[in-house]
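Per full-length UniProt numbering, residue 1 is the first one in the sequence shown, and the count goes up by one each step.
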Amino acid sequence: MTGFDVTGVSKSQCVCEPEEFESESTQSQLVEDHEAHVLVAEWRLHKFQSPIELKHEESISHDHFEPLDFHGHWDKLGEATFENTGKTAVIRFQRDELPYLRGGPLHEDTYVFEQLHFHWSDDDNSGCEHIFEGQAFSMEAHAVHYNNKYASFQEAQDKPDGLAVVGFFLEATDNADNPCFKKLTAAVQHIIKVNTLTSVAADCLTWIREEAQCKGYYTYQGSLTTEPYLESVTWILYPTPIHVSRQQVAHFRELKSTPCEKVKIVNNVRPLQTPPSHKKLNILYARSHRKSFD
Numbered sequence: 001m002t003g004f005d006v007t008g009v010s011k012s013q014c015v016c017e018p019e020e021f022e023s024e025s026t027q028s029q030l031v032e033d034h035e036a037h038v039l040v041a042e043w044r045l046h047k048f049q050s051p052i053e054l055k056h057e058e059s060i061s062h063d064h065f066e067p068l069d070f071h072g073h074w075d076k077l078g079e080a081t082f083e084n085t086g087k088t089a090v091i092r093f094q095r096d097e098l099p100y101l102r103g104g105p106l107h108e109d110t111y112v113f114e115q116l117h118f119h120w121s122d123d124d125n126s127g128c129e130h131i132f133e134g135q136a137f138s139m140e141a142h143a144v145h146y147n148n149k150y151a152s153f154q155e156a157q158d159k160p161d162g163l164a165v166v167g168f169f170l171e172a173t174d175n176a177d178n179p180c181f182k183k184l185t186a187a188v189q190h191i192i193k194v195n196t197l198t199s200v201a202a203d204c205l206t207w208i209r210e211e212a213q214c215k216g217y218y219t220y221q222g223s224l225t226t227e228p229y230l231e232s233v234t235w236i237l238y239p240t241p242i243h244v245s246r247q248q249v250a251h252f253r254e255l256k257s258t259p260c261e262k263v264k265i266v267n268n269v270r271p272l273q274t275p276p277s278h279k280k281l282n283i284l285y286a287r288s289h290r291k292s293f294d
């Protein structure tokens, strides 16, 4: 999960273009992260990496946060785009004032919406990154925000208080399509080719609204789940899954990951990360005192 690109771990690799090799000096600074199956700089793996498994009995109940408020996330103002980056599908807004978050574990800071993207796998039982009470869901959506004390996402991404990511689980069922999610599943069929983009309705995030106003969420300090794995993320995760149909999830698996169109995005999920044994990861369960309104 990042604000500019999402590096997924694919089960197959495209051979339509030769890979660029790292220079010898760069290779010497890298170690293999066996949990992520990629090469990353060693200094990035020293603390709390994401995703993790959430267990309520291991969390700390916390009733002293101010309410977490979502502003503008489901407005009908401006324009929105949906893009196939070759690694995920990304929603971005073009507005005079972008949506933002305040309150909760973010306190008085304001975090501006950068993008929302999705994670999925080749089946309906393993497409999420975080695990809740031992259960995996079909997809996970990450709404990425950056602290507006910094000039941009790029400036904020490596700061300890730089990013806030709100995570939502999606569960595929045999029931009818989720009507609010239809705006995206219709649009995703127009971005099958890599690096293609289409317009979507400005209120394309209404499907998260009910869950974003629920009674509680989990929060912890972790990392990006893709390169460069910077430990700059305040995670906010809502445990109750949003129900969509199996066909709605299946549309995302049709997205191509390479220009030759021979390879699909079959798995962009990072495996669970285990905190170092000598460090304690505090996971807070925060209960909202009122609903969040724009």
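Note that the Cβ used here is the ideal one computed from N, Cα and C, for glycine as well. This one's a predicted model, so the numbers in the text were calculated from it and none came from an experiment.
Q. Hey, how far is the Cα of lysine 11 from the Cα of methionine 139?
A. Taking the first residue of the sequence shown as position 1, residue 11 is located at position 11. Taking the first residue of the sequence shown as position 1, residue 139 is located at position 139. Note that lysine 11 scores a pLDDT of 41, beneath 50, so its modelled location is shaky and nothing firm can be said.
Q: Identify whether tyrosine 285 lies in helix, strand or coil by the three-state DSSP scheme.
A: Along the sequence shown, read from residue 1 onward, the residue named residue 285 stands at position 285. Three-state DSSP puts tyrosine 285 in a strand.
Q) For serine 232, does the count of other Cβ atoms within 10 angstroms reach 16, so buried, or fall short, so exposed? A) Here residue 232 is taken as the residue at index 232 of the sequence shown, counted from 1. Buried is the call here.
Q. Does the count of Cβ pairs from the segment 197-216 and the segment 172-183 closer than 8 Å reach three?
A. yes
Q) What first and last residue would you give for the beta strand (DSSP E) that runs through phenylalanine 118? A) As a working mapping, residue 118 is identified with position 118 in the sequence shown. 111-120 is the span of the beta strand (DSSP E), which, as asked, contains phenylalanine 118.
Q | Distance CB(aspartate 122)-CB(asparagine 267) smaller than 8 Å | A | Position 122 of the sequence shown holds residue 122. Position 267 of the sequence shown holds residue 267. Yes, the Cβ-Cβ distance between aspartate 122 and asparagine 267 is below 8 Å.
Q) With contact counted as at least three CB pairs below 8 Å, one residue from each stretch, are the segment 74-82 and the segment 92-105 in contact? A) yes
Q. How long is the line joining the alpha carbons of valine 166 and arginine 102, rounded to whole angstroms?
A. Residue numbering aside, residue 166 sits at position 166 when the sequence shown is read from its first letter. Residue numbering aside, residue 102 sits at position 102 when the sequence shown is read from its first letter. Near 12 Å, if we compare the C-alpha coordinates of arginine 102 and valine 166.
**Q.** Span of the beta strand (DSSP E), counted from its first residue to its last, around arginine 209
**A.** On the sequence shown, residue 209 is found 209 positions in, with the first residue counted as 1. Looking at the DSSP string, arginine 209 is not in any beta strand (DSSP E); the run it does join, the alpha helix (DSSP H), is 209-212.
(Q) For leucine 54 and valine 188, what's the separation of their Cα atoms in angstroms? (A) For this step, residue 54 is matched to residue 54 along the sequence shown. For this step, residue 188 is matched to residue 188 along the sequence shown. Answer to the nearest angstrom: the Cα atoms are 30 Å apart.
Q) Which of the three DSSP states, helix, strand or coil, is assigned to lysine 280? A) Here residue 280 is taken as the residue at index 280 of the sequence shown, counted from 1. Coil.
Q.
Between which two residues does the alpha helix (DSSP H) holding phenylalanine 252 run?
A. On the sequence shown, position 252 is the one that residue 252 refers to. 246-252 is the extent of the alpha helix (DSSP H) around phenylalanine 252.
Q. Residue ranges of each beta strand (DSSP E) run of no fewer than 3 residues wholly in the segment 131-178, ordered along the chain?
A. 139-147 and 163-173
Q | Buried or exposed (CB count within 10 angstroms, at least 16 for buried), isoleucine 236 | A | Counted from its first residue, the sequence shown places residue 236 at position 236. Flag for isoleucine 236 reads buried.
Q | Alpha carbon of isoleucine 242 to alpha carbon of glycine 134, nearest angstrom | A | For the purposes of this step, residue 242 is taken as the residue at position 242 of the sequence shown. For the purposes of this step, residue 134 is taken as the residue at position 134 of the sequence shown. Their backbone Cα atoms lie some 17 Å apart in a straight line.
Q) Relative to the ligand NAD, is the shortest distance from any of its heavy atoms to the C-beta of threonine 234 smaller than 7 Å? A) Ligands are entirely absent from the displayed structure, and the ligand NAD is therefore not among its contents.
Q. Which one of Ile191, Ser126, Asn84 and Ser152 has the shortest CA to CA distance from proline 271?
A. By one-based count along the sequence shown, residue 271 stands at place 271. Answer by Cα proximity: Ser126.
Q. Could you give the distance in angstroms between the alpha-carbon of tyrosine 220 and the alpha-carbon of isoleucine 283?
A. Residue mapping note: residue 220 aligns to position 220 of the sequence shown, counting from 1. Residue mapping note: residue 283 aligns to position 283 of the sequence shown, counting from 1. Rounded to whole angstroms, tyrosine 220 to isoleucine 283 spans 5 Å at the Cα level.
Q.
Using CA atoms only, rank isn't needed, just tell me which of Ala286, Lys256, Ser152 and Asn195 is closest to leucine 98.
A. The residue given as residue 98 occupies position 98 in the sequence shown. Per the Cα distances, Ser152.
Q. Is alanine 80 helix, strand or coil by DSSP?
A. Indexing the sequence shown from 1 puts residue 80 at position 80. Reduced to three states, the DSSP call for alanine 80 is strand.
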